[in-house]
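Worksheet for the structure shown next.
There are 2 protein chains.
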Amino acid sequence: MGHMVDKRARPERRGGGGAGANRRRAAHSMEAVISEAVALLDEAGDSALTFRALAARLGGGAASIYWYVASKDELLDRASDHVIAQVITDTAGFHGSEDPIDDLRAIAVTLFDAITDRPWLGAYFMRDTEVQPNALALYERLGQQVLRLDLTPRQSFHAVSAVMGFVVGIAADLGQKPPEEVVDGSVARDEYIERFADQWRALDPAEFPFVHHIADEFAGHDDTEQFRAGLDLLLAGLRLQAGARPGRG
Amino acid sequence: MGHMVDKRARPERRGGGGAGANRRRAAHSMEAVISEAVALLDEAGDSALTFRALAARLGGGAASIYWYVASKDELLDRASDHVIAQVITDTAGFHGSEDPIDDLRAIAVTLFDAITDRPWLGAYFMRDTEVQPNALALYERLGQQVLRLDLTPRQSFHAVSAVMGFVVGIAADLGQKPPEEVVDGSVARDEYIERFADQWRALDPAEFPFVHHIADEFAGHDDTEQFRAGLDLLLAGLRLQAGARPGRG
DNA sequence: TCGAAAGATAGAACACTGTTCGATGGGTGT
DNA sequence: ACACCCATCGAACAGTGTTCTATCTTTCGA
Numbered sequence: 001m002g003h004m005v006d007k008r009a010r011p012e013r014r015g016g017g018g019a020g021a022n023r024r025r026a027a028h029s030m031e032a033v034i035s036e037a038v039a040l041l042d043e044a045g046d047s048a049l050t051f052r053a054l055a056a057r058l059g060g061g062a063a064s065i066y067w068y069v070a071s072k073d074e075l076l077d078r079a080s081d082h083v084i085a086q087v088i089t090d091t092a093g094f095h096g097s098e099d100p101i102d103d104l105r106a107i108a109v110t111l112f113d114a115i116t117d118r119p120w121l122g123a124y125f126m127r128d129t130e131v132q133p134n135a136l137a138l139y140e141r142l143g144q145q146v147l148r149l150d151l152t153p154r155q156s157f158h159a160v161s162a163v164m165g166f167v168v169g170i171a172a173d174l175g176q177k178p179p180e181e182v183v184d185g186s187v188a189r190d191e192y193i194e195r196f197a198d199q200w201r202a203l204d205p206a207e208f209p210f211v212h213h214i215a216d217e218f219a220g221h222d223d224t225e226q227f228r229a230g231l232d233l234l235l236a237g238l239r240l241q242a243g244a245r246p247g248r249g
Numbered sequence: 250m251g252h253m254v255d256k257r258a259r260p261e262r263r264g265g266g267g268a269g270a271n272r273r274r275a276a277h278s279m280e281a282v283i284s285e286a287v288a289l290l291d292e293a294g295d296s297a298l299t300f301r302a303l304a305a306r307l308g309g310g311a312a313s314i315y316w317y318v319a320s321k322d323e324l325l326d327r328a329s330d331h332v333i334a335q336v337i338t339d340t341a342g343f344h345g346s347e348d349p350i351d352d353l354r355a356i357a358v359t360l361f362d363a364i365t366d367r368p369w370l371g372a373y374f375m376r377d378t379e380v381q382p383n384a385l386a387l388y389e390r391l392g393q394q395v396l397r398l399d400l401t402p403r404q405s406f407h408a409v410s411a412v413m414g415f416v417v418g419i420a421a422d423l424g425q426k427p428p429e430e431v432v433d434g435s436v437a438r439d440e441y442i443e444r445f446a447d448q449w450r451a452l453d454p455a456e457f458p459f460v461h462h463i464a465d466e467f468a469g470h471d472d473t474e475q476f477r478a479g480l481d482l483l484l485a486g487l488r489l490q491a492g493a494r495p496g497r498g
């Protein structure tokens, strides 16, 4: 529970000069630990974040990190919340437009962009709302727009869950690592996708008519557009539900 | 790539019906390896599948598994495809009803049930369509129903991707491990959820009006119902799109 | 029937991981 | 000056995926 004050939350070294270069011992801070963890994840991906690598980046020993964080899961939870904080500030103005669904869409798109930039986010986002207060705040932010629609509590609960689930589902799907030839840069992403499409076109047209039907679309598809199209379907259904409000005129 | 024939793929005796030569094969086989891997995952969860544990179950050494599988990723891909095969047979009859969207929903629900039973599936489903032919077949199966709607190729591509993404997104979300008190059975799932809801109700109502608004719904929610509600929103949007076909008509 | 080639298994070791423990440094207050 | 507690570190532990090499076992042609 959150009622215990944890002094570890604020060991930030007071700012000034930082002139003391002769430190034999390294001095960390919660902010530094999480920031460097996120940086490591962003630069080298999911598997690059190890306690030893992070410690090397911080200039210290691996065991020291355990003073700030109880486990790697908590480290990732906090890293996740750290970038969601940015989403919170980026979506601060997304409310009060004429159509609540427009706000809903704008928030969802911002979250989507954040996750596609950081594929590792999908797996840890909103895993623990105690350690991830910003994730909860984002949930609330979506919910407040749904609140402007005329829905029952159950319907609004389902609506927000659906939007959240859709975003992380699609984003996680897209975040799947291209098998190292795209990472190396030796093969462009377009060519990689094209090769994939060719593979599909080589299938038996009688057995896979649909795959053939959409192979060209797949070859030239844009991830963000694909996401937006699906989100619009979901939101169209939601608007339909909001319009057909039952009872009491 | 797929042009190399791998004999490991078929150590199964291929004699059709009838007189089986009673040639006792070795203890291992591709079928046994994958089946036991799935069993291990089902019984003890994600972290229980290790090469050593699997080898012990098969009655052999850990290194032997590498003759059938090149890496743990491939093992999980094959395990994933193994259970999707069941989904394929379970959804074999889900076509040709009057409304294609009804078929679409039935297939999606079957897939959802399979993933909720096996949370590990979400992370590996459709990761590699070469090693997961059944996943591709399921994609095709959904697509063939969308094909009955009057949509452009791009629209149908987006529709199937949206349904797939939504299913795995929600299922993966639900598959998050309850923190060991539910697993131990010491705390019932209802009580765990209720405790969660209480936590939400303790938040500042002014700052979290939506969370308060749906706390009761969350407390008594049913996962499957939650999924179906979101899916219905998506499908309602899809039907709307299919009804408003543009041009030349 | 024999022997060689291919199929299949296993033990030991390697590099690496998250995590724990005890010891020790260093700043702060008195 | 002293003690005190926060913070850091080195070393070790148990466990992981993976590889290498040696060894069984089956197959099959000469």
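Protein chains in written order, with the working numbering: chain A, 1 to 249; chain B, 250 to 498.
Backbone N, C-alpha and C fix where the C-beta goes; we use that ideal spot for every residue, glycine too.
How would you list, in chain order, the residues of chain A whose beta-carbon sits under 7 angstroms from the beta-carbon of residue 414 of chain B? Numbered from 1 along the second sequence, position 165 holds the residue referred to as residue 414 of chain B. The contacting residues are 166, 169, 170, 173, 230.
Tell me the rounded alpha-carbon separation between residue 296 of chain B and residue 465 of chain B. One-based indexing of the second sequence puts residue 296 of chain B at position 47. One-based indexing of the second sequence puts residue 465 of chain B at position 216. Their backbone Cα atoms lie some 33 angstroms apart in a straight line.
Can you tell me whether residue 153 of chain A is helix, strand or coil according to DSSP? In the first sequence, residue 153 of chain A corresponds to position 153, counting from 1. The answer is helix: DSSP assigns residue 153 of chain A an H, G or I state.
Of the residues A/123, A/89, A/117, the one placed nearest residue 107 of chain A, counting alpha carbons only: Here the question's residue 107 of chain A lines up with position 107 in the first sequence. Ranking the options by Cα distance to residue 107 of chain A, first place goes to A/89.
For residue 60 of chain A, three-class secondary structure by DSSP: Working through the first sequence from its first residue, we reach residue 60 of chain A at position 60. Residue state, collapsed to three classes: coil.
In chain order, what residues of the same chain have a beta carbon less than 6 angstroms from the beta carbon of residue 331 of chain B, not counting five sequence neighbours either side? Translated into positions along the second sequence, residue 331 of chain B becomes position 82. Cβ neighbours of residue 331 of chain B beyond the five flanking positions: 283, 287.
Sequence-distant residues of the same chain with beta carbon closer than 6 angstroms to residue 487 of chain B, five excluded per side: Counting from one through the second sequence, the residue named residue 487 of chain B turns up at place 238. These residues qualify, in order along the chain: 408.
Suppose contacts are defined by Cβ-Cβ distances below 7 angstroms. Is residue 319 of chain B in contact with residue 361 of chain B by that definition? Along the second sequence, one-based indexing puts residue 319 of chain B at 70. Along the second sequence, one-based indexing puts residue 361 of chain B at 112. Taking the C-beta atoms as reference points, residue 361 of chain B is found no nearer than 7 angstroms to residue 319 of chain B.
Report back the beta-carbon spacing between residue 329 of chain B and residue 374 of chain B to the nearest angstrom; my notes put them in contact at under 8 angstroms. In the second sequence, residue 329 of chain B corresponds to position 80, counting from 1. In the second sequence, residue 374 of chain B corresponds to position 125, counting from 1. Their Cβ separation, rounded to whole angstroms, is 6 angstroms, which keeps residue 329 of chain B and residue 374 of chain B in contact under 8 angstroms.
When the Cβ atoms of the region 397 to 407 of chain B are set against those of the region 210 to 228 of chain A, are three or more pairs found closer than 8 angstroms? yes
Can you tell me whether residue 454 of chain B is buried or exposed, with buried defined as 16 or more other CB within 10 angstroms of its CB? Numbered from its first residue, the second sequence carries residue 454 of chain B at position 205. With fewer than 16 Cβ atoms within 10 Å of its Cβ, residue 454 of chain B is classed as exposed.
Taking 8 angstroms as the cut-off, does the region 195 to 202 of chain A touch the region 135 to 153 of chain A (at least 3 CB pairs, one atom from each stretch)? no
Pair within 7 angstroms by beta-carbon distance, residue 423 of chain B and residue 378 of chain B: Here residue 423 of chain B is taken as the residue at index 174 of the second sequence, counted from 1. Here residue 378 of chain B is taken as the residue at index 129 of the second sequence, counted from 1. Using a Cβ distance threshold of 7 angstroms, residue 423 of chain B and residue 378 of chain B do not count as a contacting pair.
Nearest to residue 77 of chain A (by Cα), restricted to the options A/120, A/148, A/28, A/188: In the first sequence, the residue the question calls residue 77 of chain A occupies position 77. The residue with the shortest Cα to Cα distance from residue 77 of chain A is A/120.
Within chain B, the residues that residue 217 of chain A reaches when beta carbons sit closer than 7 angstroms: One-based indexing of the first sequence puts residue 217 of chain A at position 217. Within 7 angstroms Cβ-Cβ: 402, 403, 406.
Taking C-beta pairs closer than 8 angstroms, name the residues in chain A that residue 460 of chain B reaches, listed in chain order. Position 211 of the second sequence, counted from the first residue, corresponds to residue 460 of chain B. Here the neighbours are 136, 139, 140, 143.
Tell me which residues of the region 335 to 361 of chain B have at least one Cβ-Cβ distance to chain A shorter than 7 angstroms, keeping chain order. none
Between residue 161 of chain A and chain B, is the shortest Cβ-Cβ distance under 7 angstroms, so that the two count as touching? The sequence position of residue 161 of chain A within the first sequence is 161, counting from 1. For residue 161 of chain A, the answer is yes, since a Cβ of chain B falls inside 7 angstroms of its Cβ.
Residues of chain A with CB under 9 angstroms from residue 492 of chain B, in chain order? As a first step, residue 492 of chain B is located in the second sequence; it is residue number 243 there, counting from the start. Those within 9 angstroms of residue 492 of chain B in chain A number zero; the least Cβ separation is about 11 angstroms.
Proximal residues of chain A, C-beta to C-beta of residue 367 of chain B below 7 angstroms: Translated into positions along the second sequence, residue 367 of chain B becomes position 118. Here the premise fails: no neighbours, minimum Cβ distance about 16 angstroms.
Hey, could you find the ends of the alpha helix (DSSP H) residue 342 of chain B is sitting in? The residue given as residue 342 of chain B occupies position 93 in the second sequence. Counting along the chain, residue 342 of chain B falls outside any alpha helix (DSSP H), and DSSP gives it neither H nor E.
Just to make sure I have the definition right: I need the residues of chain A whose C-beta is within less than 7 angstroms of the C-beta of residue 489 of chain B. Which are they? Taking the second sequence and counting its residues from 1, one reaches residue 489 of chain B at position 240. Under the 7 angstroms cutoff, chain A gives 236, 240.
How is residue 280 of chain B classed by DSSP in three states: helix, strand or coil? Residue 280 of chain B sits at position 31 when you count from the first residue of the second sequence. Here residue 280 of chain B sits in helix by DSSP.
Assuming residue 54 of chain A contacts residue 40 of chain A under a Cβ cut-off of 8 angstroms, what Cβ separation, rounded to an integer in Å, is found between them? In the first sequence, residue 54 of chain A corresponds to position 54, counting from 1. In the first sequence, residue 40 of chain A corresponds to position 40, counting from 1. About 6 angstroms; that satisfies the 8 angstroms criterion.
When the cut-off is 7 angstroms and only beta carbons count, does residue 214 of chain A lie next to chain B? If you number the first sequence from 1, residue 214 of chain A lands on position 214. With 7 angstroms as the cut-off, residue 214 of chain A counts as an interface residue toward chain B.
Spatial distance of residue 440 of chain B from residue 132 of chain A (CA atoms): Your numbering for residue 440 of chain B matches position 191 in the second sequence. Your numbering for residue 132 of chain A matches position 132 in the first sequence. Straight across, the Cα-Cα distance linking residue 440 of chain B with residue 132 of chain A is about 22 angstroms.
Under 7 angstroms, Cβ to Cβ, is there at least one residue of chain B near residue 78 of chain A? Mapped onto the first sequence, residue 78 of chain A falls at position 78. Chain B contact via Cβ: absent.
Pull up the distance between the alpha-carbon of residue 228 of chain A and that of residue 333 of chain B, whole angstroms please. In the first sequence, counting from the first residue as 1, residue 228 of chain A sits at position 228. In the second sequence, counting from the first residue as 1, residue 333 of chain B sits at position 84. Their backbone Cα atoms lie some 28 angstroms apart in a straight line.
Find the nearest neighbour of residue 335 of chain B within the set B/314, B/376, B/383, B/349, judged by alpha-carbon distance. As a first step, residue 335 of chain B is located in the second sequence; it is residue number 86 there, counting from the start. Nearest option by C-alpha distance: B/383.
What's the gap between the Cα of residue 61 of chain A and the Cα of residue 29 of chain A? Translated into the one-based positions of the first sequence, residue 61 of chain A becomes position 61. Translated into the one-based positions of the first sequence, residue 29 of chain A becomes position 29. So the alpha carbons of these two residues sit roughly 14 angstroms apart.
Chain-ordered neighbours of residue 189 of chain A on chain B, where CB pairs are closer than 7 angstroms: Mapped onto the first sequence, residue 189 of chain A falls at position 189. Simply none; closest approach about 17 angstroms.
Hey, how far is the Cα of residue 346 of chain B from the Cα of residue 484 of chain B? Within the second sequence, residue 346 of chain B is the residue found at index 97, counting from 1. Within the second sequence, residue 484 of chain B is the residue found at index 235, counting from 1. Using only the alpha carbons, I get a separation of about 16 angstroms.
Could you give the C-beta distance for residue 146 of chain A and residue 104 of chain A, rounded to a whole number, given that I count them as a contact under 8 angstroms? On the first sequence, residue 146 of chain A is found 146 positions in, with the first residue counted as 1. On the first sequence, residue 104 of chain A is found 104 positions in, with the first residue counted as 1. Rounded, the Cβ-Cβ distance is 7 angstroms, consistent with contact.
Is the beta carbon of residue 410 of chain B sitting closer than 7 angstroms to the one on residue 226 of chain A? Translated into positions along the second sequence, residue 410 of chain B becomes position 161. Translated into positions along the first sequence, residue 226 of chain A becomes position 226. Contact: yes.
For residue 292 of chain B, does the count of other Cβ atoms within 10 angstroms reach 16, so buried, or fall short, so exposed? Here the question's residue 292 of chain B lines up with position 43 in the second sequence. An exposed status is given to residue 292 of chain B, since fewer than 16 other beta-carbon atoms sit within 10 Å of its beta-carbon.
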